[in-house]
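Asks:
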């Protein structure tokens, strides 16, 4: 009976969108900080942004969702006082 209600789902619909091999949140955060720093300080900060992107891509080479997991768990404490 289940075969009547099942439909094939393409693999790309099950994966989260990635920009340059890193998650969407990490890419947007690095891009915003790079644009702000390059406009406030100098254009050399663009090189720092590129280095940050490469570092994040190095971190995410085995697990694409590593940075998303880190961002989700930044505000979680070890314990909460009652």
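Numbering (my numbering), first residue to last: 1008 to 1089. For each residue, glycine too, the CB sits at the ideal point set by N, CA and C.
1) From residue 1014 to residue 1039, what does the alpha carbon distance come to, in whole angstroms?
2) Buried or exposed, going by whether 16 or more other CB atoms sit within 10 Å of the CB of residue 1058?
3) Which residues in the same chain have their Cβ closer than 6 Å to the Cβ of residue 1044, if we skip the five residues on either side of it in sequence?
4) Report the start-end ranges of each alpha helix (DSSP H) in the region 1012-1053 that is 4 residues or longer and not cut off at the edges.
5) Would residue 1074 and residue 1066 qualify as a contact pair, given that the criterion is a beta-carbon distance under 8 Å?
6) If residue 1037 and residue 1060 are in contact, beta carbons under 8 Å, what's the gap, nearest whole angstrom?
Replies: In this structure, then:
1) 40 Å
2) exposed
3) 1052
4) 1031-1047
5) yes
6) 6 Å
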